[in-house]
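**Q**
Spelled out as structure tokens, the structure:
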């Protein structure tokens, strides 16, 4: 405002006078007020797979939308494609994903109509899923899904010149992301136990002990 005023008039202490007028102007204050920034709280660590999942849509890309679902604990991703992002299509894709992985305890999404629709809420309530909606205009509060959406879009763009159908490329991306989630979990275990070799050793030892117990039981039955 002060810059604009200086193009037409000027007097001593003009800038301070304009500030004083703006401070006393109710309309100026209402128009100029910005929403108070609330610091984002990090999501609590999920203690098991499918405790909390994050979901979001990517697209449209080539006439398709892609539902991205990420498990907070393992970072395991799922991707489903649809032509329309209706609540019914969303429910069907959720149902397909949950038929393979089980129902999650919590589902984090934005306030999109397909997620906030009464039919989606009824589906979640019927299957014991607690819906958590992120704050409007703050996509970063659903960061896990947002990051995977970004990774997915960049990966698909990089593969655009390669041979193969879009479906084949998406399956390749999904397998790559799923393998990456497995490696991430192994690294976390290694950090937790402070030694990757120890993690592997404990797993092998447990398998050998189980085999030994089975052999003992078999010998006992034969005797």
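Numbering (the UniProt record's numbering), first residue to last: 1 to 223.
The beta-carbon is built from N, C-alpha and C at its ideal position, and this holds for glycine as well.
So for residue 13, helix, strand or coil by DSSP?
**A** By 1-based counting over the chain shown, the position of residue 13 is 13. It is coil, neither helix nor strand.
**Q** Cβ of residue 58 within 8 Å of any heavy atom in the ligand ZN?
**A** Although the ligand ZN was asked about, the structure shown includes no ligands whatsoever.
**Q** Just to confirm my understanding: we take residue 53, look at its own chain, exclude 5 residues before and 5 after, and list those with CB closer than 8 Å. What are they?
**A** Indexing the chain shown from 1 puts residue 53 at position 53. Excluding residues within five positions, the ones whose Cβ falls inside 8 Å are 69, 70, 71, 72, 104, 106, 107, 108.
**Q** Under three-state DSSP, which class holds residue 100?
**A** Start at 1 with the first residue of the chain shown, and residue 100 comes out as number 100. It is helical.
**Q** Comparing C-alpha positions only, which one of 89, 58, 43 sits nearest to residue 156?
**A** Mapped onto the chain shown, residue 156 falls at position 156. Minimum Cα distance to residue 156 is reached at 58.
**Q** Tell me which same chain residues have a C-beta within less than 7 Å of the C-beta of residue 149, skipping the five on either side of it?
**A** Taking the first residue of the chain shown as position 1, residue 149 is located at position 149. Same-chain partners within the cutoff: 56, 58, 68.
**Q** Shortest alpha-carbon distance to residue 112 belongs to which of 135, 101, 102?
**A** Residue 112 sits at position 112 when you count from the first residue of the chain shown. Residue 112 has its Cα closest to that of 135, out of 135, 101, 102.
**Q** Taking just the CA atoms, how far does residue 77 sit from residue 174?
**A** Translated into positions along the chain shown, residue 174 becomes position 174. Translated into positions along the chain shown, residue 77 becomes position 77. Distance between the alpha carbons of residue 174 and residue 77 is about 7 Å.
**Q** Let me make sure I understand the geometry here. Which of 64, 65, 87 has the alpha-carbon closest to that of residue 124?
**A** In the chain shown, the residue the question calls residue 124 occupies position 124. Measuring from the Cα of residue 124, the nearest candidate turns out to be 87.
**Q** For residue 80 versus residue 97, is the C-beta spacing smaller than 9 Å?
**A** Taking the chain shown and counting its residues from 1, one reaches residue 80 at position 80. Taking the chain shown and counting its residues from 1, one reaches residue 97 at position 97. For residue 80 and residue 97, yes; Cβs fall inside 9 Å.
**Q** On the CB-based measure, 16 or more other CB atoms within 10 Å of its CB, does residue 95 come out buried or exposed?
**A** Here residue 95 is taken as the residue at index 95 of the chain shown, counted from 1. Counting Cβ neighbours within 10 Å, residue 95 comes out exposed, since fewer than 16 surround it.
**Q** How should residue 146 be labelled, buried or exposed, when 16 other C-beta atoms within 10 angstroms of its C-beta is the threshold for buried?
**A** Along the chain shown, read from residue 1 onward, the residue named residue 146 stands at position 146. So residue 146 counts as buried.
**Q** From residue 60 to residue 128, what does the alpha carbon distance come to, in whole angstroms?
**A** To locate residue 60, count along the chain shown from 1; it is residue 60. To locate residue 128, count along the chain shown from 1; it is residue 128. Spanning the two alpha carbons is a distance of roughly 31 Å.
**Q** Among 93, 133, 100, 122, which has the Cα closest to the Cα of residue 110?
**A** Here residue 110 refers to the residue found at position 110 of the chain shown. Of the listed residues, the one whose Cα sits closest to residue 110 is 133.
**Q** For residue 42 and residue 51, what's the separation of their Cα atoms in angstroms?
**A** As a position in the chain shown, residue 42 is number 42, starting the count at 1. As a position in the chain shown, residue 51 is number 51, starting the count at 1. Looking at the two C-alpha atoms, the distance is approximately 16 Å.
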